[in-house]
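Residue numbers for the sequence shown follow this note's numbering, beginning at -11 and rising by one.
Note that CB positions come from ideal geometry on N, CA and C, so glycine has one too.
What follows is a single structure, written as structure tokens, with notes after it.
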Amino acid sequence: MQTKTTDTALIYRDSTQPVEARVADLLGRMTLEEKLAQLGSAWIYELDDPKDARRLLGHGIGQITRIGGASNLKPAESAARANAIQRFLVEETRLGIPAMVHEECCAGYMARDATVFPQIIGLASTWQPELAGKMAEVVRRQMRAVGAHQGLSPVLDVVRDPRWGRVEETFGEDAHLVASMGVAYVRGLQTDDWRQGVIATAKHFVGYGLTDGGLNWNPAHIPPRELREVFLHPFEAAVKEAGLYSVMNGYNEIDGVPCAASHELLTEILREQWGFDGLLVSDYFAVDQLQQAHLVTQDKATSARLALEAGIDVELPSTDCYGEPLRALAEAGEIDMAVIDRSVERVLRTKFQLGLFENSWADESAAAAAFDTPKDRALARRIAQQSMVLLKNDDNLLPLSRELGSIA
């Protein structure tokens, strides 16, 4: 391990400096290995053995995958585990760069003792965006209490095939409803205060709800106009109306081009046309799937290059293609270092904006109190009640009387 940088006068350590100045200063001090580490991730269980943890975290790390969700730890234990990892990164690595922690949170924070809400399709059935926002606020509070910073939600897929096995994770088939509920969810999760909010991650970009045969990972065949007006619409609304900060690619391909390698989708439309300036993360194993499933590359290095050049900044759930294969490409001059630096800048900018360099710790003693309060359960019950839909026309409820007026 390299000698630790401890000079507190360094620009990147000075919280009074502008974020962009801190990013530039830190980037200029980083080795290739330290840069690539910020584009990678590690499952929490990969860090159980101290020797493995030192090997995986020795140059830093971009993200830790699902400390609470993949471990079944109680809230206080999850917070303690997060703190131990951050302590090592801050105190034992050369540059002291904290990690982001991401978790799943579609129907509430997916972890032990968290409040269980109705599935998202039920939330959509309420037709009340304000309930989506309130639910997201609970998720944010619980995740922040255990040291998590990014939630892999909301799912903004517009579903047009009921055979698809992930329908329950979505807001349904209507693009306007998906957009309205999604915008409210993003606002509730992120808030206006970066240092208290959790980054929302809209997924799966894009067209994942209309794959061939309703099968996961299958191709999608969507005409350009339908893609724009239906499937892209909720994502565009989340970016422009709610300040969405993170996007996750879809596993599918559209007309032969995998979403994980689509410069048109990930850069031209998302960033250049819509003005998105946040973080793009891969769906789990999606970079490697360019070789293993889509068969558009013959090795991990080429998969890494295609994904990074298309716009994917961080490989999840653990470092694979963005590790040694990407390092070999960089050392051979087969990928422009400016492409790597661009994504590293985005990761560092996110961490500075979250305030992780000033305070990356969770309050272990207060973590449990944030979970599943009576007020949280009351909200979950209210959403469940409001989500009820008619499945059987008992007593001839339908057709509705003309005297009812508006019901939604």
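Exercise. Thinking C-alpha only, which one of 251, 391, 342 and 361 is nearest residue 103?
Worked result: 361
Problem set entry | Nearest-angstrom Cα separation, counted from residue 36 out to residue 271 | 23 Å
Exercise. What do you get for residue 408, buried or exposed, if any count of 16 or more other CB atoms within 10 angstroms of its CB means buried?
Worked result: The displayed coordinates of the chain run from -11 to 396. Any statement about residue 408 would go beyond what the structure contains.
For this session: Identify every residue that forms a DSSP beta bridge with residue 79.
Result: Residue 79 pairs with nothing; no bridge assigned.
Problem set entry | Nearest neighbour of residue 327, chosen from 6, -2, 20 and 10 [CA to CA] | It is 20 whose Cα lies nearest to the Cα of residue 327.
Exercise. What do you reckon, are the CB atoms on residue 223 and residue 144 nearer than 7 Å?
Worked result: yes
For this session: At 3 residues or longer, and completely inside the segment 194 to 246: list those beta strand (DSSP E) runs for me, N to C.
Result: 234 to 237
Exercise. Taking the beta strand (DSSP E) that residue 52 falls in, what are its first and last residues?
Worked result: 51 to 53
Exercise. Can you tell me whether residue 153 is buried or exposed, with buried defined as 16 or more other CB within 10 angstroms of its CB?
Worked result: Label assigned to residue 153: exposed.
Problem set entry | residue -11 burial status per 10 Å Cβ neighbour count (16 or more: buried) | Confidence at residue -11 is low in this model, with a pLDDT of 48, below 50, so the placement of that residue should be treated as unreliable; the coordinate-derived value is given next. With fewer than 16 other Cβ atoms within 10 Å, it is exposed.
For this session: Can you have a look at residue 23 and say buried or exposed, based on whether 16 or more other CB atoms are within 10 angstroms of its CB?
Result: buried
For this session: Give me whichever residues DSSP pairs with residue 189 in a beta bridge.
Result: 234
Problem set entry | Secondary structure, beta strand (DSSP E): runs of 3+ residues fully inside the segment 249 to 316 | Look at the segment 249 to 316 and you find these whole runs of beta strand (DSSP E), each 3 residues long or longer: 267 to 269.
Problem set entry | Cβ-based neighbour list, residue 94, same chain, cut-off 7 Å, excluding 5 preceding and 5 following | 108, 141, 143 and 157
Exercise. DSSP state of residue 90, grouped into three classes?
Worked result: Residue 90: strand per DSSP, three-state reduction.
Exercise. Do residue 66 and residue 50 have their C-beta atoms within less than 7 Å of each other?
Worked result: no
Problem set entry | Cβ-based neighbour list, residue 178, same chain, cut-off 6 Å, excluding 5 preceding and 5 following | 185 and 188
For this session: Within 10 angstroms of the Cβ of residue 237, are there 16 or more other Cβ atoms? Answer buried if so, exposed if not.
Result: buried
For this session: Starting from the Cα of residue 164, find the closest Cα among 181, 312, 226 and 134 and give me that residue.
Result: 226
Exercise. Taking DSSP as the reference, what is the three-state secondary structure of residue -11?
Worked result: Here the model assigns residue -11 a pLDDT of 48, short of 50, so the residue's position is not dependable, and the following value carries that caveat. Three-state DSSP puts residue -11 in coil, outside helix and strand.
For this session: Report the three-state DSSP secondary structure of residue 374 (helix, strand or coil).
Result: helix
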